[in-house]
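In mature numbering (1 follows the signal peptide of the UniProt record, and there is no 0), the protein residues as written are -20 to -1, 1 to 85. Quick reminder that beta carbons are idealized off the backbone N, C-alpha and C, glycines included. Okay, structure first, notes after.
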């Protein structure tokens, strides 16, 4: 008599975390509610354009020695710059904008 052994493997989907030292020039913190509340995230310096989705960014704070540019459109280009922000950023009353990109000095 032959025996058959079955091995069950379970896989779970886990988020991928990127280890990055916070507080580096060009990094930025965002929250979808005013006063650094709601869902908040930390975005390390990159070449990416960040689209202001729904719900939009209500608090935005670049780190020291870095700055963010807010654009009217959703692709971080064009002549219509809404605002440039430096540390500590703004915790409320952000102007309406379509996208943003951050740099280090």
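To which residues of the same chain is residue 8 closer than 6 angstroms at the C-beta, ignoring the five residues directly before and after it? 23, 42, 48 and 82.
From the DSSP output, read off the bridge partner residues of residue 66. According to DSSP, residue 66 bridges with 47.
Could you tell me which of 29, 62, 66 and 10 sits nearest to residue 37, measuring between CA atoms? The shortest CA-to-CA distance from residue 37 to any of 29, 62, 66 and 10 is the one to 10.
Return the Cβ separation of residue 32 and residue 79 in integer angstroms, given the expectation that the two are a contact with Cβ distance under 8 angstroms. Under the criterion of beta carbons closer than 8 angstroms, residue 32 and residue 79 qualify as touching, at roughly 6 angstroms.
Just checking residue 83 against the ligand HEM - is the residue's beta carbon closer than 6 angstroms to any of the ligand's heavy atoms? What this structure holds is no ligand at all, so the ligand HEM is not there to describe.
Use the C-beta contact count for residue 28: other C-beta atoms within 10 angstroms, 16 or more gives buried, fewer gives exposed. By the beta-carbon neighbour count (other beta carbons within 10 angstroms, threshold 16), residue 28 is exposed.
Nearest-angstrom Cβ-Cβ length linking residue 71 and residue 15, presumed shorter than 8 angstroms: Contact annotation, residue 71 with residue 15: C-beta distance approximately 5 angstroms; criterion of less than 8 angstroms satisfied.
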